[in-house]
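Encoded as structure tokens, the structure appears first; notes follow it.
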Amino acid sequence: MLYVDEGEVLGYQRLLPTTSPHLLSDVFPELCMGESPVGTHIWERSHHCVAPGPRWGKHSASAIASTLGLALVEWGLECGVTHFIIEIETAGILPLVQLHFQPMPLGLPCKVRGRDIIAVIVVFDKRTLQSFRQLCGSQKRVLPLPPPRPAYLHA
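Structure, rendered in structure tokens:
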């Protein structure tokens, strides 16, 4: 997912299915005690980044990060995803709770490049979506509407 404004990429995040190789399963297995959770309804959010530099208003780092979070939840709810795996610094757990994610640690924190990183699996729902919309100050969708489905696919 990209956050693009006037042709400039200001932020991004990568989503990986857990049914294929992903960071927790293949790069950081030490962050998970036991087997890594797998399923078509469980995806991993990785490589989250916001462009550095002075930005204000709708382009502040926190506004860009919040919009990416909102897009993540919108996409998940629309695609039948119920859980995300996230590798974060331990201090990142409290903001997840405040946004109405339900984080569950998958193991103990480990040092990764000098930082204490923990893998969590989070559950989210419409309350999470509303929390992000409130944080972003808008009830509008951030993802483009999907194209209409062909008539022969309608149930």
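So our numbering is basically just the index in the sequence shown, starting at one, shifted up by 588. For each residue, glycine too, the CB sits at the ideal point set by N, CA and C.
- In this structure residue 641 is exposed. Its beta-carbon is surrounded by fewer than 16 other beta-carbon atoms within 10 angstroms.
- The DSSP assignment places complete alpha helix (DSSP H) segments of no fewer than 4 residues inside the stretch 670-706 at 681-686, in order along the chain.
- For residue 637, the secondary structure class from DSSP, reduced to helix, strand or coil, is strand.
- Counting only runs of 3+ residues, no beta strand (DSSP E) is found wholly inside the stretch 597-624.
- Each of 591, 594, 730 was checked against the Cα of residue 663, and the nearest Cα belongs to 730.
- Boundaries of the alpha helix (DSSP H) around residue 661: 649-667.
- Looking at 668, 592, 701, 700, the one whose alpha-carbon comes closest to that of residue 627 is 668.
- DSSP places residue 590 inside the beta strand (DSSP E), whose first and last residues are 590-593.
- Residue 679 and residue 686 have their C-alpha atoms spaced approximately 12 Å apart.
- For residue 723, the uninterrupted alpha helix (DSSP H) run begins and ends at 714-724, by DSSP.
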